[in-house]
Structure formats: structure tokens, C-alpha cells
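S.K.:
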Amino acid sequence: MAKKSKKAKKKLPMAYKPIGFALGWTSGTVAGMAFQKVWKVVRHEDDAPDALDRDRRWGEILLAAAIQGAIFAVVRSAVDRAGAKAIERSTGTWPVPEKGGRD
Numbered sequence: 001m002a003k004k005s006k007k008a009k010k011k012l013p014m015a016y017k018p019i020g021f022a023l024g025w026t027s028g029t030v031a032g033m034a035f036q037k038v039w040k041v042v043r044h045e046d047d048a049p050d051a052l053d054r055d056r057r058w059g060e061i062l063l064a065a066a067i068q069g070a071i072f073a074v075v076r077s078a079v080d081r082a083g084a085k086a087i088e089r090s091t092g093t094w095p096v097p098e099k100g101g102r103d
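For what it's worth, our numbering labels the leading residue of the sequence shown as 1, then goes sequentially.
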């Protein structure tokens, strides 16, 4: 019985990969929408500056990048953690066998 349990635990990370991919895609979409809303509140503009936008200053571009990065990191971490907790609740096993994570 113990061997069967270990084998099931080894298969879980592989089974989690497609779920993790879907969660990552979803978190990217949610983060993008959140960033657009935050940028609209911060700068009262519909479009955030792009790094190659000739008409924007360094400060605007770096501010947008910092806000966007922070939002993406928070949303990604929240979605990853919620997904891992859901897997643990349903299977009794944490989806990643070693300490650490994706990064």
C-alpha cells in the first residue's frame, strides 16, 4: 500500500502541470484587466505607455512597468496558492513535492 501512495504522489506534479498552465493563463488575463483599471485610476488614461512609445517620458513608462509588475506578481501568487490549496484539499497532497516553487 505504501508503494502505491508514493507512486500516486509522484504522478501528481505531472497531473498538476495542465492545471497550473490554465491557472497561469487565467491569472495573466485577470492581472491584465486589473492593471488597465488601475492605470485608468492613476493616470486617467485608457492606454498605458509602452516602452517604445516615443511620446512618453521615462517616468511614465517606468511607473507603468512597476505597477504592472506588482499587479502581475500579486495576482499570479494568489492564483497559484489558491490552486495548490484546492489540489491539496481534494487529493491530500501538495502539488509540488519539493520546497520552493515556480521561480
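Positions of the beta carbon are idealized from the N, C-alpha and C atoms, including for glycine.
Computed from a predicted structure; not experimentally measured.
Just to confirm my understanding: we take Glu88, look at its own chain, exclude 5 residues before and 5 after, and list those with CB closer than 8 Å. What are they?
M.R.: Locating residue 88 in the sequence shown gives position 88, where the first residue counts as 1. Correct list, in chain order: Trp94, Pro95.
S.K.: What are the boundary residues of the alpha helix (DSSP H) that includes Gly69?
M.R.: The sequence position of residue 69 within the sequence shown is 69, counting from 1. In the DSSP annotation of this structure, the continuous segment of the alpha helix (DSSP H) that includes Gly69 starts and ends at 58–91.
S.K.: Tell me whether the stretch 17–26 and the stretch 53–60 touch, counting them as touching only if at least three CB pairs, one residue from each stretch, are closer than 8 Å.
M.R.: No contact exists between the stretch 17–26 and the stretch 53–60.
S.K.: Whole-angstrom Cβ separation of Ile71 and Val42, contact assumed at under 8 Å?
M.R.: In the sequence shown, residue 71 corresponds to position 71, counting from 1. In the sequence shown, residue 42 corresponds to position 42, counting from 1. Rounded, the Cβ-Cβ distance is 11 Å, inconsistent with contact.
S.K.: When the Cα atoms are used, what is the spatial distance from Ala82 to Gly32?
M.R.: Position 82 of the sequence shown holds residue 82. Position 32 of the sequence shown holds residue 32. If I take the Cα positions, the gap works out to 19 Å.
S.K.: Return the CA-CA distance between Glu45 and Ser90, expressed in angstroms with no decimal places.
M.R.: What you label residue 45 is simply residue 45 of the sequence shown in a count that begins at 1. What you label residue 90 is simply residue 90 of the sequence shown in a count that begins at 1. Their Cα atoms are separated by approximately 43 Å.
S.K.: In terms of alpha-carbon separation, which member of Ile67, Asp80, Val74 lies closest to Gly24?
M.R.: If you number the sequence shown from 1, residue 24 lands on position 24. Answer by Cα proximity: Asp80.
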